[in-house]
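For the protein sequence lines, the chains are A and B, in the order given. Counted the way numbering that gives the first Met the number 0 counts, the first sequence spans residues 0 to 168. Counted the way numbering that gives the first Met the number 0 counts, the second sequence spans residues 0 to 192.
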Amino acid sequence: MLEQIALLLVFLKASALAVGGLASLPLLRADLVPRFVTDAGIVQALAIGRLGPGPNGLYIVSLGYLVAGWTGALYALVGATLAPLAILPATALARRWLLSSWFGGLVRGVSLATAGLLLATGATIVNAGGTQVWQLGLVVATVAVTLQGRLHPAVMIVVGGIVGLALGR
Amino acid sequence: MKAPPSSRALARAWFDIGTQSFGGGSSTLFMIRRILVERMGWVSLREFTEAWALSQLSPGIHLVAMAGLLGRRIAGLRGIVVSVAAMMVPAALITAILTAFFGRIAQEPLTLAALAGIGPVAGGMTIGLALTMARPVLQRGRFAIVDVAVIVASFAILLAGSAQTIVVIVVAGVFGAVLLGHERPTSSDAPMS
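See below:
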């Protein structure tokens, strides 16, 4: 029972301290790898989260499933859903406070740190998956496509899978 | 003020938004505006813009905060529950089912080969998103040096493994509140771009 609550708290905490959907990744990785899931599992969750419907941050449900089956998926969904809704009472009770400059600065500081943490996490994922020339080529292509923002990310997952089938054996 | 829409119509709208959105950037924003403001007329452009700005300050998935804020505006508590559930629950269910199926083939040689190509893509997506989050720094002129320092420090600390991730985030938040507060938050795309 205690373990179950701890797991729910891991997902809730990661969602509550992240600004943006994928921003929970460095926190979850810190808590779950390698005890509950490997970096290969993180890659799976990111890929499935992108192939499935819904916002970017839903990879967390896939990760939850990998960690603890349907219960884990449910905990992840609860954490990812409840954390952003904190904005509802906040806007009702302290609207002025939310729009104050120091709160804006806080969000900006967290966003900048998250950018750095995500960069490091991305590098770790790349490193764990292999660094052959064709794999690094895929990294560069995906970064370019993501920055450009026009192509659905699922397309790159499929491209990566096909290239892997051709070259990864 | 028109009568609030039925739960069914509201659920349908947010299901569509959740299914078709990706990245949470300006394409998602454009779609929400097209469906809720222009097609349905449930919220005004001003309410929409304000909800977007506030949702960028929320923890976690901004789109959930957006669904909660606009749902409340459209139909109160019912609007919150219907909007958020319609966007999250079907998508989460499909995601979990995909993961369960994938578990059955995860150790097959062909799957492992495909994953050798998917790994770099997943890493590239993460790096690309980090750069997207960092992009507003380019418009900051001489303040950019402070922003870049925070990014580089967080990056280095995590890779060096010398502090807990949560500590980095909390310290950066306090640093931002004290030192970066004289400017506007930059975690969002400009609402009308």
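The C-beta atom is built at its ideal place from N, Cα and C for all residues, glycine as well.
In DSSP terms, what residue i is bridged to
i, result
"A:Val106", "DSSP output for A:Val106 lists no bridge partner at all."
Simplified DSSP state of residue i, which is helix, strand or coil
i, result
"A:Val18", "strand"
"A:Gly129", "coil"
"B:Gly59", "strand"
"B:Met132", "helix"
"A:Arg168", "coil"
"A:Met0", "coil"
"B:Ser186", "Confidence in B:Ser186 is poor, its pLDDT being 46 and thus under 50, which makes the residue's placement unreliable; the coordinate value appears in the next sentence. Of the three classes helix, strand and coil, the one that applies to B:Ser186 here is coil, per DSSP."
"B:Ser6", "helix"
"B:Ser82", "helix"
"B:Met39", "coil"
"B:Gly54", "Note on residue identity: the sequence assigns Ser, not Gly, to residue 54 of chain B. Helix."
"B:Arg71", "helix"
"A:Gly136", "helix"
"B:Met191", "Its pLDDT being 38, under 50, B:Met191 is placed unreliably by the model, and the measurement read from it follows with that caveat. Correct three-state label for B:Met191: coil."
"A:Leu98", "coil"
"B:Arg32", "helix"
"B:Arg77", "helix"
"A:Ala82", "coil"
"A:Leu118", "helix"
"B:Arg11", "helix"
"B:Arg45", "helix"
"A:Leu92", "helix"
"A:Gly148", "coil"
Buried or exposed by the 16-neighbour rule on C-beta atoms within 10 Å, applied to residue i
i, result
"A:Ile47", "buried"
"B:Ala193", "This structure cannot settle anything about residue 193 of chain B, because the visible part of chain B is limited to 0 through 192."
"B:Arg7", "exposed"
"B:Thr185", "For B:Thr185, the predicted model reports a pLDDT of 47, less than 50, meaning its position is unreliable and no value from the coordinates is stated."
"A:Thr130", "exposed"
"A:Asn126", "exposed"
"B:Ser192", "For B:Ser192, the predicted model reports a pLDDT of 34, less than 50, meaning its position is unreliable and no value from the coordinates is stated."
"A:Val109", "buried"
"A:Pro33", "exposed"
"A:Trp69", "exposed"
"A:Gln147", "exposed"
"B:Ala10", "buried"
"B:Val177", "exposed"
"B:Phe29", "exposed"
"B:Met65", "buried"
"B:Ser161", "exposed"
"A:Leu150", "exposed"
"B:Val136", "buried"
"A:Pro88", "exposed"
"B:Thr164", "buried"
"B:Arg45", "exposed"
"A:Val144", "buried"
"B:Pro38", "The sequence shown places Arg at residue 38 of chain B, not Pro. So B:Arg38 counts as exposed."
"B:Ile31", "buried"
"B:Arg33", "exposed"
"B:Gly40", "exposed"
Closer than 8 Å: residue i CB and nearest the ligand NAP heavy atom
i, result
"A:Tyr64", "Questions concerning the ligand NAP fall outside what the structure shown contains, since it holds no ligand whatsoever."
Practice task
Answer yes if the region 70–90 of chain A comes into contact with the region 57–75 of chain B, meaning at least three C-beta pairs across the two stretches below 8 Å, and no otherwise.
Solution key: yes
Practice task
Answer yes if the region 65–76 of chain A comes into contact with the region 1–17 of chain A, meaning at least three C-beta pairs across the two stretches below 8 Å, and no otherwise.
Solution key: In short, these stretches touch, since the Cβ pair count reaches three.
Practice task
Flag this pair as touching only if the region 146–158 of chain B and the region 118–134 of chain A have three or more C-beta atom pairs under 8 Å; answer yes or no.
Solution key: yes
Exercise for the section: Answer yes if the region 100–110 of chain B comes into contact with the region 89–100 of chain A, meaning at least three C-beta pairs across the two stretches below 8 Å, and no otherwise. Expected result: no
Handout entry: 4 or more residues per run - each alpha helix (DSSP H) lying fully within the region 19–76 of chain A
Key = Uninterrupted alpha helix (DSSP H) stretches at least 4 residues long and entirely within the region 19–76 of chain A occur at 24–31 and 38–50, given in chain order.
Exercise for the section: Decide yes or no for the touch test of the region 78–92 of chain B against the region 12–21 of chain B: beta carbon pairs closer than 8 Å, at least 3 of them. Expected result: yes
Practice task
Only counting runs of 4 or more residues, tell me where the alpha helix (DSSP H) segments fall wholly within the region 95–182 of chain B, in order along the chain.
Solution key: 108–133, 143–159 and 164–178, all fully within the region 95–182 of chain B.
Handout entry: the region 18–31 of chain A touching the region 57–66 of chain A, judged by at least three CB pairs closer than 8 Å
Key = In short, these stretches touch, since the Cβ pair count reaches three.
Handout entry: Inter-stretch contact (C-beta, 8 Å, three-pair minimum) for the region 38–53 of chain A and the region 46–59 of chain B
Key = no
Handout entry: contact_flag[the region 131–140 of chain A, the region 116–130 of chain B] where n(CB pairs < 8 Å) is 3 or more
Key = Judged by Cβ distances under 8 Å, the region 131–140 of chain A makes contact with the region 116–130 of chain B, as three or more pairs qualify.
Handout entry: Three-pair Cβ contact test at 8 Å for the region 37–47 of chain A versus the region 0–7 of chain A
Key = no
Problem - the region 128–145 of chain B in contact with the region 156–166 of chain A per 3-pair CB rule at 8 Å - result: Touching, no.
Problem - Contact the region 66–83 of chain B vs the region 100–115 of chain A: 3+ CB pairs below 8 Å - result: no
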